[in-house]
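What follows is one structure encoded as structure tokens, with my remarks underneath.
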Amino acid sequence: MKIIEDSMAKYNKNKTVKMRDVADHVGVSVATVSRALRNPDVVSGAVRAKIDAAIESLGYLPDPAARALASTRSDVIGVILPSVSNNVFSAVMDGIYSAVEGTRHSVQLGYSRYAPLSEENLIRLFLRQRPAGLIVTGIDQTDAAKALLQEADCPVVQIMETDPAPHDRMIGFSHYQAARAATAHLIAQGYRHPGFLGARMDPRTQRRLQGFRDELRARGLSEGRRVHTTTRPSS
Numbered sequence: 001m002k003i004i005e006d007s008m009a010k011y012n013k014n015k016t017v018k019m020r021d022v023a024d025h026v027g028v029s030v031a032t033v034s035r036a037l038r039n040p041d042v043v044s045g046a047v048r049a050k051i052d053a054a055i056e057s058l059g060y061l062p063d064p065a066a067r068a069l070a071s072t073r074s075d076v077i078g079v080i081l082p083s084v085s086n087n088v089f090s091a092v093m094d095g096i097y098s099a100v101e102g103t104r105h106s107v108q109l110g111y112s113r114y115a116p117l118s119e120e121n122l123i124r125l126f127l128r129q130r131p132a133g134l135i136v137t138g139i140d141q142t143d144a145a146k147a148l149l150q151e152a153d154c155p156v157v158q159i160m161e162t163d164p165a166p167h168d169r170m171i172g173f174s175h176y177q178a179a180r181a182a183t184a185h186l187i188a189q190g191y192r193h194p195g196f197l198g199a200r201m202d203p204r205t206q207r208r209l210q211g212f213r214d215e216l217r218a219r220g221l222s223e224g225r226r227v228h229t230t231t232r233p234s235s
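Numbering of the sequence shown is given in full-length UniProt numbering, commencing with residue 1 and proceeding in unit increments.
Laid out in structure tokens, this is it:
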């Protein structure tokens, strides 16, 4: 009886351990753990060793049926942008299409119109289609959208911005630091009343504005009334 009870205890423990537990234990995303299990060669040896150790320590048992299902995914790369009229995003799409050209992949575009809930719904829609990958703009997703990205079983790339804790991969820059650097450059050139020209106050524009203001204050300068915005999107 003791042997049976011990076996059942171990079974119940394994049953409750999820891929998320392994990811949290190692300090990586669920997508990284999934890739390490499906295609180990794409994950660094050091990370793979940590994942293997966590699997052994936690008693995680990958579901063969789930892994088989995960191997059947589309060749679509989902791209979610906030605007299709901004030339910046036109250039982004041009780069994406150039990279995809000649491969088996295709691109499917989702347009969020700067609406967080629309972006969340698009993320959910794309993930249901089991895409080859997902490209999303920025770091200001809703909590629900962030959870979806964290659990995504495909590569996720956030563009246009950086953050200390990306869901998977991130390509961009700090809008706050960029604005501070630009303001500092103008001041170094002898300008004492630089201005900020912005458009729609989306989170990226707000961070640029804050960088502009903070640099002026750090230099002992006043922004005066030289901050103007419009309601049209800029980023």
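The beta-carbon is built from N, C-alpha and C at its ideal position, and this holds for glycine as well. Keep in mind it's a predicted model, so treat the numbers as computed, not measured.
{"Item": "Distance, residue 41 Cα to residue 121 Cα", "Value": "33 Å"}
{"Item": "Simplified DSSP assignment, three categories, for residue 137", "Value": "strand"}
{"Item": "CB-CB length for residue 73 against residue 132, believed under 8 Å", "Value": "6 Å"}
{"Item": "Within the segment 128-199, ranges of the alpha helix (DSSP H) (whole runs, at least 4 residues)", "Value": "143-151, 175-188"}
{"Item": "Beta-bridge pairing of residue 108 - partner residues as DSSP gives them", "Value": "78"}
{"Item": "Best match in 56, 55, 144, 36 for proximity to residue 154 [C-alpha to C-alpha]", "Value": "36"}
{"Item": "Exposure of residue 26, with buried meaning 16 or more beta-carbon neighbours within 10 Å", "Value": "buried"}
{"Item": "C-alpha gap between residue 87 and residue 94, whole angstroms", "Value": "10 Å"}
{"Item": "Alpha-carbon spacing of residue 2 relative to residue 18, whole angstroms", "Value": "Low confidence applies here, because residue 2 scores a pLDDT of 42, under 50, leaving its location unreliable and the question unanswered by this model."}
{"Item": "Bounding residues of the alpha helix (DSSP H) (the contiguous stretch that carries residue 32)", "Value": "30-38"}
{"Item": "Classification of residue 84 by the beta-carbon crowding that lies within 10 angstroms, buried from 16 upward", "Value": "exposed"}
{"Item": "Residue 302 versus 117, 130, 103, residue with shortest Cα-Cα distance", "Value": "The requested residue 302 is not part of the displayed model; the chain covers only 1 to 235."}
{"Item": "Chain-order list of residues whose beta-carbon lies under 7 Å from that of residue 150 (same chain, five-residue window excluded)", "Value": "29, 30, 167"}
{"Item": "DSSP state of residue 1 mapped onto helix, strand, coil", "Value": "Unreliable positioning characterises residue 1 in this predicted model, as indicated by a pLDDT of 38, which lies under 50. The coordinate reading is nonetheless provided below. Here residue 1 sits in coil by DSSP."}
{"Item": "Exposure label - residue 8; buried when at least 16 CB within 10 Å", "Value": "Low per-residue confidence applies at residue 8: pLDDT is 37, beneath 50, and the placement is therefore not dependable enough to give any value."}
{"Item": "Alpha-carbon spacing of residue 91 relative to residue 49, whole angstroms", "Value": "39 Å"}
{"Item": "With 16 other Cβ atoms within 10 Å as the buried cut-off, status of residue 197", "Value": "exposed"}
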